[in-house]
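In this note's numbering, the protein residues as written are 93 to 566.
All residues carry an ideal CB built from backbone N, CA and C; glycine is no exception.
Below is one structure; the comments refer to it alone.
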Amino acid sequence: MTDHESAPIVSLDNAAKHFGPVKALDGVSLVVTPGDCIGLVGHNGAGKSTLVNLINGALAPSSGSVGFSGGTSANEAGVRSVFQELSLCPNLTVAENLRISHTALKGPGWRRHARAEILQSLDTIFPGHGIDPMSEVDTLSIAERQMVEIAIGFAPRGMAARLVILDEPTSSLDAGIADQLLEHIKQFCAKGGAVVFISHMMGEVFEVASRIVVLKDGRIVAERDAADFTRQGLVDAMGHVTAEAADTAGTRQEFGPEVVRTEQGLTARKGEIVGLSGLAGHGQAAALARLYLSRSSAFRPGTSPEVVFVAGDRPRDGVLPLWSILRNISISVLGQGARHGLVDRDAEARIADQWKTRIGIRTDDVTNPILSLSGGNQQKVLFARALASPAPVVIMDDPMRGVDVGTKQDVYAMIRAEAARGRTFLWYSTETEEVCQCDRVFVFRDHEISAELTGADITEEKILEASFVLEEAS
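Spelled out as structure tokens, the structure:
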């Protein structure tokens, strides 16, 4: 191995990044060398995104230093980033999106070369993916878009990737596809590549990471080999960020009358938490979208909505990017207390401040822009918007994407407490752990319900069994 191949790919020495009085990163020292797979964990707002942007060269440090192998830039050092918020251009094809980051592709026939390169990367990471490189991105499911983004990150693009930063890369992938990615990460690092792996799914972190780095309030509070951590030790190192957790009412066995019934046979009763599961892209999100649209008005929302929606695809379906945090929360309750069409601004501010405290949104001022928040904190805003609404039915489309483990537990408690008060939840999730929180589960396969599970039958084994077509020997 040459000196270049063994030298650190990136080195941070007491690096800090300040945005005015806010210390997003406060003196971080970190070295990434070939073969490393660093699990980077911490609550939303701990500084992970800022650290990533220093490593990939998108931001310059306010103090301290960031150096790349050979004194080059991040791009020349082979540093790539795959962000939690997908950055593909929806009106371009998969191959054309590769071209955006591969400027060497030019001249006659460049589309053919782009198609071959992205197809090879997809085939290597996700065998059997079924994605056509000539398809426009907006025709793909969110899971397929995430697969494309990852494949572009690992693609050669004129030079081999040396360090790939993966920010919540499995948040929209089902278990089988996620396993393919984790296996590729292990092979990539075994061949001398390096990965910074950011995830709130601890099982994945422990599976691939050789070293774990814990961030809290912009500082590294723990760093050691993954084998030297336990799950509880990792949670303790991250600490807790929410001010309070909602009281739970315990598992309820009795529910009210049926309040939801669809043509597919999806049903829900008052006070029930109903889960939708199965492999990603098998019709769960579409079923929820049809239900939401059938119960809501595109003309006039009214003051007593029947349903409210929590989106997992934040940029497309969730946040209102030009508005403040306050406005993003309060839009679901503007009609309450309004007189002659005029909003009660004091009541609006009280609601926003209440939910900022209750769900632990990390901001000093709710009048700040929504995009000033980390992805996980933006998701908290969407939960606050839904739970502040008086709607009796809450529809959730894989809502925990990018939300840290501590906040997940608090949200689970809030959902259970709201259900105990008679609210009904329909909850699609790609995480089996979340589905098992539900009172009843419908498993989807090929856009149809393949199983209805209750009680002790809500297990990972039963869900997987209903998710696949089991062929019998003739």
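### Query
Short check: CB of I290 to CB of V495, under 9 Å?
No; because the gap between Cβ atoms is not below 9 Å, this pair is not in contact.
### Nearest candidate by alpha-carbon position, reference H65, set G137, L258, H292 and I541
The structure shown does not extend to residue 65, since the chain is modelled only from 93 through 566, so no value can be given for it.
### Query
What are the start and end residues of each continuous alpha helix (DSSP H) run of 4 or more residues lying completely inside the segment 191-238, in chain order?
202-217, all fully within the segment 191-238.
### Query
Going by other Cβ atoms of all chains shown within 10 Å of its Cβ, with 16 needed for buried, is P219 buried or exposed?
Answer is exposed; the Cβ neighbour count stays below 16.
### Query
Between the segment 138-156 and the segment 186-196, are three or more C-beta pairs nearer than 8 Å?
Between the segment 138-156 and the segment 186-196, the count of C-beta pairs closer than 8 Å stays below three; the two stretches do not touch.
### Query
Count the other CB atoms within 10 Å of the CB of R323; is the residue buried (16 or more) or exposed (fewer)?
Exposed is the call here.
#### Entry: Nearest to A150 (by Cα), restricted to the options F475, Q501 and N167
If we check each option's Cα against that of A150, N167 comes out closest.
### Message
Tell me which residues share the same chain as P182 and place their Cβ nearer than 8 Å to its Cβ, disregarding the 5 neighbours each side in the sequence.
### Response
Cβ neighbours of P182 beyond the five flanking positions: E228, V229 and D230.
### Exposed unless 16 or more other CB atoms sit within 10 angstroms - verdict on E241
With a 10 Å radius around the Cβ and a threshold of 16 neighbouring Cβ atoms, E241 comes out buried.
### Task
In the DSSP assignment, find the alpha helix (DSSP H) that holds M488 and state where it starts and stops.
Where M488 is concerned, there is no enclosing alpha helix (DSSP H), although the beta strand (DSSP E) it sits in stretches over V485 to D489.
### Message
Restricting to Cα atoms, I'd like to know which of V497, T164 and R249 is closest to H205.
### Response
Taking only the C-alpha atoms, the option nearest H205 is R249.
### Query
Which residues bound the beta strand (DSSP E) around V473?
Per DSSP, V473 belongs to no beta strand (DSSP E); it is in the alpha helix (DSSP H), G467 to A480.
### Task
Mind checking which residues open and close the alpha helix (DSSP H) that includes W519?
Where W519 is concerned, there is no enclosing alpha helix (DSSP H), although the beta strand (DSSP E) it sits in stretches over T516 to Y520.
### Query
Do you know offhand how far V174's Cα is from T142's?
If you take the alpha carbons of V174 and T142, they lie about 14 Å apart.
### Message
Check this for me: beta carbons of A286 and C129, under 9 Å apart or not?
### Response
Yes, these two residues count as a Cβ contact at 9 Å.
### Task
Quick one: grab the DSSP three-state call for A341.
Any answer about A341 is weak, because its pLDDT of 38 lies below 50 and its placement is not dependable; what the coordinates show is given next. DSSP, reduced to helix, strand and coil, places A341 outside both helices and strands of the structure shown, so it counts as coil.
### Message
Which residues does DSSP list as the beta-bridge partners of V352?
### Response
For V352, which the question treats as bridged, DSSP gives the partners A360.
### Message
DSSP three-state label for N420, please.
### Response
Three-state result, N420: helix.
#### Entry: Same chain, Cβ closer than 6 Å to A476, five either side skipped, listed in chain order
Short of 6 Å from the beta carbon of A476, and not among the five residues preceding or following it, lie these beta carbons of its own chain, in chain order: I421, W447 and I451.
### Query
CB E260 to CB Q176, shorter than 9 Å?
Yes, these two residues count as a Cβ contact at 9 Å.
### Query
Do Y520 and G367 have their C-beta atoms within less than 9 Å of each other?
Taking 9 Å as the Cβ cut-off, Y520 and G367 qualify as a contacting pair.
### Query
Who are C129's beta bridge partners in DSSP?
DSSP, once it has assigned bridges, lists V287 as partnering C129.
### Query
Hey, out of H221, G137, I101 and V114, whose CA is closest to G170's CA?
Considering only alpha carbons, the answer is I101.
### Message
Please identify the residue among P413, G159, M239 and V158 whose C-alpha is closest to the C-alpha of L576.
### Response
For residue 576 there is no data in the structure shown, the boundaries of the chain being 93 and 566.
### Query
Is P182 helix, strand or coil by DSSP?
Three-state result, P182: coil.
### Message
Can you tell me where the alpha helix (DSSP H) holding E557 begins and where it ends?
### Response
Counted as a single uninterrupted DSSP element, the alpha helix (DSSP H) harbouring E557 occupies residues E552 to S559.
### Contact between the segment 263-278 and the segment 371-380 (3+ Cβ pairs under 8 Å)
Taking a cut-off of 8 Å on C-beta distances, the segment 263-278 touches the segment 371-380, as three or more cross pairs fall below it.
### Task
Evaluate the contact criterion for the segment 512-527 versus the segment 485-502: three or more CB pairs, one atom per stretch, below 8 Å.
Contact holds: three or more Cβ-Cβ distances are below 8 Å.
### Message
Measuring straight from C-alpha to C-alpha, what distance separates R361 and A483?
### Response
Roughly 14 Å separates the two Cα atoms.
### Sequence-distant residues of the same chain with beta carbon closer than 6 Å to F413, five excluded per side
Contrary to the premise, residue 413 reads as Pro rather than Phe in this sequence. L463, listed in sequence order.
### Task
Please work out which residues of its chain come closer than 7 Å, Cβ to Cβ, to S481, disregarding the five sequence neighbours upstream and downstream, and give them in chain order.
The answer, listed in chain order, is P397, V400, S424 and V425.
#### Entry: Residue nearest to D118 in terms of C-alpha spacing, selected from S98, P126 and S154
Checking every option, the nearest Cα to that of D118 belongs to S154.
### Task
To the nearest angstrom, report how far apart G137 and E296 are at their CA atoms.
Distance between the alpha carbons of G137 and E296 is about 21 Å.
#### Entry: Anticipated Cβ contact below 8 Å, A444 with L418, distance rounded
4 Å between Cβ atoms; contact.
### Query
Quick one: what's got a C-beta closer than 7 Å to V435's C-beta in the same chain, skipping five residues either side?
Correct list, in chain order: L426.
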